[in-house]
Amino acid sequence: MSPEARDIPKREEIVSRFGEAMLGDRLRLRRRVRAIDLAVERGRPHEGMVRALWDELERSVGRRKWREEHRPRPKLDQDLPIIARKGDIARAIAENQVVIVCGETGSGKTTQLPQICLELGRGVAGMIGHTQPRRIAARTVATRIAEELGTEVGRGPVGYKVRFGDKTGPETFIKVMTDGILLAETQNDRWLEQYDTIIIDEAHERGLNIDFLLGYLKQLLPRRPELKVIVTSATIDPERFAGHFSGGGGAAPIVEVSGRTYPVEVRYRPLTGEEEEREWDQEQGILAAVDELAAEGNGDVLVFLAGEREIRQTAEALRKHHPAGTEILPLYARLSAAEQMKVFAPHRGRRIVLATNVAETSLTVPGIRYVVDPGYARVSRYNHRTKVQRLPIEAISRASADQRKGRCGRVAAGVCIRLYSEEDYNAREEFTEPEILRTNLASVILQMKALRLGAVEEFPFVEPPDSRMIKDGYETLHELGAIDEKGELTKLGVQLAKLPIDPRLGRMILAGAAEGVVGEVLVIAAALSVQDPRERPMGAAERADIAHRQWQDENSDFVAILNLWKGYQEAGEHLSHSKTRKWCQERFLSYLRMREWEDIYQQLHGLVGDMGLMHRGTGDGSRERPGWYE
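Sequence positions in the sequence shown follow my numbering and run 3 to 632.
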C-alpha cells in the first residue's frame, strides 16, 4: 500500500466526526459519503473524493469550533419581568424539545429568550432562528438584541432577514426573520438544518404562515431530535399550542411570564353617528378622546387605526387641532425603516402615535400611557362564492381589544378610551379568527405539494381549515394547470411553486415567459401584489384623477400600469430620492407603495432570471414553448 493510500481517512473515522460538524453541513456530508460508497461498489477511483470530503469536514468542524469560542455572552436586562422566570424557562428548554412561553408584550420574552438560549449553549452548531409576523418587528427586534449585546445588527452575532433585506452572515448566531422567510427556506433546507433552535414569536396572531410553520415543525421534530422549538404567545389560548405539540409525554410545558403593568382604566365613548358616517365620526371621536386625555397629565398617546389612509387623514386632523409642540408620528408596516424607528427615539413634549395593529402585539412603543381604540382593523378574508380575497374593515375581537388596552399602563397608570360601547365589546367574538380559516389555500396547497408534505386534509394544522376552502384551493390550482386530475403537481406547478407570489399572478409570469413578454408581465404582476399606489385623498379627488389621466389607456388597465411604471422609472433616472418623493406627491402617488412595487419587481426579476425564463419565447409563436408550459 502506498503512503498516499495510508493517508486516506477511513469511512468510520469520517462518519464518527459528523457530530462535530455544523448542522447545516451534515446532510451534504452524508450525501458525499453515499456517493463514495457507490464509487467503491462500482470499482471506480474514489481517493480524491475521500480527500475532498475530509477537507470539507475539517472546514465545517473548524467553523463550529470558531463559533464555540466566539459565542456571545448574554447581557440580560435584569429589569424585565421575564428574568424572574429565567431559571424555569432555561430548565424547560433543556428538558423538553418544545416549550410554550406565555406572557404579555413588554414582559421581555422577545428580546431575552434568544439570549437565554445562548446561555444554554444554543446557536453554535446551528443558528437560533427567531420569527416575527412582520418586517418592522423583525428589524426592530434584531436591532434591540444587537444593542443589548453591544454589537451592530448585521455585523456580528445578531442579524435579520426580511423580504427585501438580508443582514446575516457567517458570524450570525441569532437570526431574526419574518415567518414567511423561514417558510420559504424550507424549499432549499427541508429539515431547517441551519438552525439548532427555532423561536416562533407572537404565535397567538395565528397568521397563515405561523399555522403552516407550526404544522411543519410538528412533522419535522421526530427527524430533528436535537432541534429545540420555543413558541411564544400572549395570554391568548396557550393551551392550544401546548396540545398541538403533545406527544407520548403529554402536552408541551407552558411557562407563564407576568407583564410589568400598572392599573388601566377603560372608558367607553361610543360614536353616535350612522354607520355610513363612521369615518367622519371616528375622526371626531379621536380628536375628542385625545383632548380628554390631554387633561390627564403627561404621557404619550397610541391611537389604533385600520390602515394607512385612516392614519394620514387622522394625522392631518390632529395637526390642525393641536399646537405645534405635539409630535404626531405614523406607524405601519410600509413605512421606511428610518421612519418606523422614530417612535423609539427620545423626545420632549407629548407624542401621539397613529398605528395599525402592528403595535397591538408585535412592538412595544415606549412611553405610552394612553390608548384610543376605535375597535376596527383590516382583515384579509376570502369569499369562496366570488373567489375574491378582500381586505374589509371589521370589528376586532375582545382578545385584540384587550391587547390594545395592554399597550398603556407600562410606565404608569394608564387610560384606554374605546370608541364603542361596553355592550358592543361584550358582544364581540372572543378571539380573532385564524387566517387559515378565512383565506384562499391555493398557495398553501402548492407549497405543500412542492415539499411533498402529503394531503392538506391530513396535515397537522393547529386548526384544520374549512373543507370548502380546501376544495377552492385545489380548483384554483387545477385551473392554473399547476396540478393534474389526480391532484399531483405538474411540471408547470413545480415552476410556479418557486415564485413567492399568489399562484394566479405567478401563472401570469410563466405565461409571459412562454409568450416572450415576461418583462412587461413582471411589472404588472408586481403591481398587483401591492395596494394601488394612486391616491385619491378627500378634498382632492378630482385633482388626483386629472393627474392620473396621463397614464390611462382606453383599452387596457394593464397598459395603464405599464405607462405609470415607465413614467416612474424615467423620473427616477435623473431625480434624487427626495425629488422622486416630491414627484410622486405632486402626481398623487404613494412613494412608499411605488418603492414596494419596485422591490417586488426586482425580487421577481431575479428569481425568473435564475429560473432561466427571462428570454423565453418571442411573442409571435416563432419559438418553441418550454415543455412545462403545455
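Quick reminder that beta carbons are idealized off the backbone N, C-alpha and C, glycines included. In this text, all values refer to a predicted model and were calculated from it rather than measured experimentally.
{"Asked": "Whole-number beta carbon distance between residue 305 and residue 90, since they are thought to touch under 8 Å", "Found": "Not really, about 37 Å apart at Cβ, beyond 8 Å."}
{"Asked": "Entirely enclosed beta strand (DSSP E) segments - the stretch 243-299, minimum 3 residues", "Found": "256-259, 266-270"}
{"Asked": "Between the CA atoms of residue 339 and residue 524 - distance to the nearest angstrom", "Found": "26 Å"}
{"Asked": "Segments of 4+ residues assigned as alpha helix (DSSP H) that fall wholly inside the stretch 473-531", "Found": "493-498, 505-517, 520-529"}
{"Asked": "Residue 398 - containing beta strand (DSSP E), residue span", "Found": "Unbroken run through residue 398: none, as it is neither H nor E."}
{"Asked": "Residue span of the beta strand (DSSP E) that contains residue 418, given as start and end", "Found": "416-420"}
{"Asked": "Environment of residue 489 [buried if 16+ CB atoms lie within 10 Å]", "Found": "exposed"}
{"Asked": "Nearest residue (CA-CA) to residue 136, options 68, 25, 342, 454", "Found": "342"}
{"Asked": "Which residues DSSP lists as bridging residue 306, in chain order", "Found": "357"}
{"Asked": "Neighbourhood of residue 439 by C-beta, 8 Å cutoff - its chain only, sequence neighbours within 5 removed", "Found": "465, 467, 468, 471"}
{"Asked": "Backbone CA spacing between residue 358 and residue 76 [nearest angstrom]", "Found": "33 Å"}
{"Asked": "Sub-8 Å separation of residue 420 and residue 270 beta-carbons", "Found": "yes"}
{"Asked": "Buried versus exposed call for residue 18 [16 or more other C-beta atoms within 10 Å across all chains shown]", "Found": "exposed"}
{"Asked": "Chain-order list of residues whose beta-carbon lies under 8 Å from that of residue 7 (same chain, five-residue window excluded)", "Found": "The predicted position of residue 7 is uncertain, since its pLDDT is 46 and thus under 50; a value taken from the coordinates is nonetheless stated next. For residue 7, where only same-chain residues beyond five positions count, the Cβ hits under 8 Å are 49."}
{"Asked": "Those runs of the alpha helix (DSSP H) which lie wholly inside the stretch 57-119 and span at least 4 residues", "Found": "88-97"}
{"Asked": "Environment of residue 584 [buried if 16+ CB atoms lie within 10 Å]", "Found": "exposed"}
{"Asked": "DSSP three-state assignment for residue 574, whether helix, strand or coil", "Found": "helix"}
{"Asked": "Bridge partner(s) assigned by DSSP for residue 591", "Found": "536"}
{"Asked": "Neighbour-count burial assignment, residue 279, 16 or more Cβ in a 10 Å radius", "Found": "With a pLDDT of 47 at residue 279, under the threshold of 50, the modelled position of this residue cannot be trusted; read the value that follows with caution. Exposed."}
{"Asked": "Cβ-based burial, residue 274 [other Cβ within 10 Å; buried from 16]", "Found": "exposed"}
{"Asked": "Cα-Cα separation between residue 95 and residue 232, rounded to whole angstroms", "Found": "8 Å"}
{"Asked": "Reference residue 350, options 302, 29, 292, closest by Cα", "Found": "302"}
{"Asked": "Beta-carbon contacts of residue 553 that lie in its chain and below 7 Å, excluding the five residues immediately before and after", "Found": "562, 565, 566, 569"}
{"Asked": "8 Å Cβ cutoff met for residue 356 and residue 313", "Found": "yes"}
{"Asked": "Cβ contact (3+ pairs, closer than 8 Å) linking the stretch 411-426 and the stretch 369-376", "Found": "yes"}
{"Asked": "Beta-carbon contacts of residue 127 that lie in its chain and below 7 Å, excluding the five residues immediately before and after", "Found": "24, 25, 66, 198"}
{"Asked": "Given 8 Å, three or more beta-carbon pairs between the stretch 172-180 and the stretch 150-159", "Found": "yes"}
{"Asked": "Opening and closing residue of the alpha helix (DSSP H) in which residue 150 lies", "Found": "137-150"}
{"Asked": "Same chain only: Cβ atoms within 6 Å of residue 69, ignoring 5 sequence neighbours per side", "Found": "126"}
{"Asked": "For residue 134, the three-state DSSP class (helix, strand or coil)", "Found": "strand"}
{"Asked": "8 Å Cβ shell around residue 555 - same chain, five flanking residues per side excluded", "Found": "561, 562, 565"}
{"Asked": "For residue 287, the nearest candidate out of 263, 59, 320 (CA to CA)", "Found": "320"}
{"Asked": "Entirely enclosed beta strand (DSSP E) segments - the stretch 171-227, minimum 3 residues", "Found": "176-180, 197-202"}
{"Asked": "Coil, strand or helix - residue 439 by DSSP", "Found": "helix"}
{"Asked": "Same chain, Cβ closer than 8 Å to residue 164, five either side skipped, listed in chain order", "Found": "137, 140, 141, 179, 180, 183"}
{"Asked": "Endpoints, alpha helix (DSSP H) assigned at residue 33", "Found": "25-43"}
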